[in-house]
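Here is the structure we will look at.
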Amino acid sequence: MSDFINNAILEYLQKKEYANTLEQFREEMAFTAPRKSVEPNYEAQLLEAFDKGHRENFFNKWNKYIPANMRYKDDFCNKLEFYLHIYFVVYNVHPYAKRTTAGSYKAKNEFDKVEV
């Protein structure tokens with residue numbers, strides 16, 4: 005379906021003689037990877053891992069569902085990912101976090117290793 009839409013857009017741009025836009029659109033098409041089918045509840049999965057403090061699970065899903073070009077090029081996304089890393093470092097040492105004893109010691113050791 006997306007190939008049909010892209011071809012229709014290309015045809016329209018050619019017909020209207022938008023040469024610069026046509027060239028840019030072709031470049032974008034060449035560098036854009038086809039989107040993977042996204043699970044319908046991916047947001048719920050991300051939020052569940054976030055709420056429970058499951059760092060590895062969260063970032064596995066983050067890398068799976070957030071496009072790489074957005075993660076690397078978008079300043080807002082970079083800043084958000086930075087804050088997410090801070091959140092997961094602090095999560096297990098926060099007094100209100102529900103945690104197991106072994107997990108809290110591991111998190112405490114990770115927190116102590118972070119240099120500011």
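All residue numbers for the sequence shown refer to our numbering, where the first residue is 5 and numbers rise by one. Just so it is clear, CB atoms sit at the ideal spot from N, CA and C, and this is done for glycine as well. Note that the structure is predicted; figures quoted are calculated from it, not measured.
C-alpha gap between Lys19 and Gln49, whole angstroms: 44 Å
Contact check, Arg59 vs Asn67, beta carbons under 9 Å: no
Extent of the continuous alpha helix (DSSP H) to which Asp78 belongs: Taken as a continuous stretch (DSSP letters only), Asp78 belongs to no alpha helix (DSSP H), as it is neither H nor E.
Given Ile9 as reference, the closest of Ala23, Glu21, Phe29, Tyr22 once Cα atoms are compared: Phe29
C-beta atoms of Phe86 and Phe62 nearer than 9 Å: no
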